[in-house]
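S.K.: Numbering (the working numbering), first residue to last: 2 to 240. Built from N, CA and C at the ideal position, the CB exists for glycine as well. All values reported here derive from a predicted model rather than from experimental measurement.
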Amino acid sequence: MNKYLEQLIELSQIDKEIDSFEPKIEAIKKELSSVVKKQSDLETKKDELLEEKKDNELKIRQHELHIAELSDKLNEISKKSAAVKTDKEAKALQLEEDITKEQLDFANEEIERLQKANEVKDDMILEIEEELQEVSKVVEETTKEIEQRLSEIEKQREEVYAKREKLLSKINQKILEFYHKVRKWAGNTTVVPVKKQACYGCFMRINDKTYASVIKSEDIVTCPHCGRILYIEETTEEE
Ligand SMILES: [Zn+2]
């Protein structure tokens with residue numbers, strides 16, 4: 002095979018490999034961000050529950066103040082009832098007392114309801130805290146693991162870049178310029194194999210003359226349809 006063609010095949014493989022690093026890194030970083038998101042979601046939920054608890058406590062305090070007022074009122078009613086003169090006055094006072102006691106009952110019920118609600122919230126907060134501990138551990142482990150994987154990829158990337166530099170120093174400048182010109186639009190399919198007499202960049206059948214040149218591999222041959230650089234790939238039995 003033509004030496005230049007061999008170099009271009011190798012270069013295109015290296016460039017393809019270089020392009021594959023970024024998506025790999027992105028995918029790895031995504032793994033971490035999904036665990037971190039779980040952690041922050043739990044923290045948000047916990048904060049919400051704490052806020053709701055605080056609201057309930059404030060309401061309880063308001064009910065307690067109201068209860069104090071209502072019991073003062075009941076004391077006054079009982080003082081007044083000692084000095085009552087008419088039936089009408091006694092009835093009115095009785096009605097006031099009933100209403101006050103009803104309000105008192107309601108306030109006490111509300112306090113009980115709010116306290117129970119806060120107990121439920123306490124349990125939920127405890128559960129979230131336990132889960133948070135687990136998730137924090139996972140975040141820590143994942144961070145470590147990901148850092149390691151990223152540094153491995155970085156190492157691989159440096160190796161590939163070094164390989165590329167070495168190869169570039171050997172390639173003919175004109176051939177290299179041509180490669181880059183095609184690569185501008187063809188990207189990672191700049192150098193493609195020919196299988197079953199078809200270009201594997203545009204998938205169109207190439208004519209017999211071009212096919213014969215590709216098989217000979219004496220020159221750099223481009224696809225007459227799309228302009229990609231072609232090489233012959235031995236078809237295996239599977240294909
Ligand atoms: Zn083509």
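(1) For the 8 Å Cβ check, are there 3 or more pairs between the stretch 190 to 197 and the stretch 219 to 233?
(2) Spell out the partners DSSP gives residue 86 in its beta bridges.
(3) Is residue 229 near ligand 1 - that is, is its Cβ less than 7 Å away from at least one heavy atom of it?
(4) Tell me which same chain residues have a C-beta within less than 8 Å of the C-beta of residue 15, skipping the five on either side of it?
(5) Drop a sphere of 10 angstroms on the beta-carbon of residue 64, count the other beta-carbons inside from all chains shown, and report buried for 16 or more, exposed for fewer.
(6) Give a yes or no on contact between the stretch 54 to 71 and the stretch 145 to 153, applying the rule of three or more CB pairs nearer than 8 Å.
(7) How long is the line joining the alpha carbons of residue 45 and residue 125, rounded to whole angstroms?
(8) Do residue 6 and residue 221 come within 8 Å of each other at the CB atom, strictly closer than that value?
(9) Taking DSSP as the reference, what is the three-state secondary structure of residue 8?
(10) Could you check the C-alpha separation between residue 9 and residue 180 for me, to the nearest Å?
(11) Which residues in the same chain as residue 101 place their Cβ atom closer than 8 Å to its Cβ, once the five residues preceding and following it in sequence are excluded?
(12) Secondary structure at residue 216, three-state DSSP: helix, strand or coil?
(13) With DSSP as the reference, label residue 191 as helix, strand or coil.
(14) What residues are listed by DSSP as bridge partners for residue 91?
(15) To the nearest angstrom, how far is the alpha carbon of residue 31 from that of residue 216?
(16) Inspect the CB distances between the stretch 46 to 61 and the stretch 117 to 132 and report whether three or more fall short of 8 Å.
(17) For residue 197, name the three-state secondary structure that DSSP assigns.
(18) What would DSSP say about residue 154, mapped onto helix, strand or coil?
(19) Distance check for residue 213 and residue 201, CA to CA, integer angstroms please.
(20) By how many angstroms is the C-alpha of residue 27 removed from the C-alpha of residue 48?
(21) So residue 233 is in the beta strand (DSSP E); what residue range does that whole segment cover?
M.R.: The structure says:
(1) yes
(2) Residue 86 is not bridged to any residue.
(3) yes
(4) 161, 164, 165 and 168
(5) buried
(6) no
(7) 13 Å
(8) yes
(9) helix
(10) 7 Å
(11) 71, 74, 75 and 78
(12) helix
(13) coil
(14) Paired residue(s): none; residue 91 is not in a bridge.
(15) 45 Å
(16) yes
(17) coil
(18) helix
(19) 16 Å
(20) 31 Å
(21) 230 to 233
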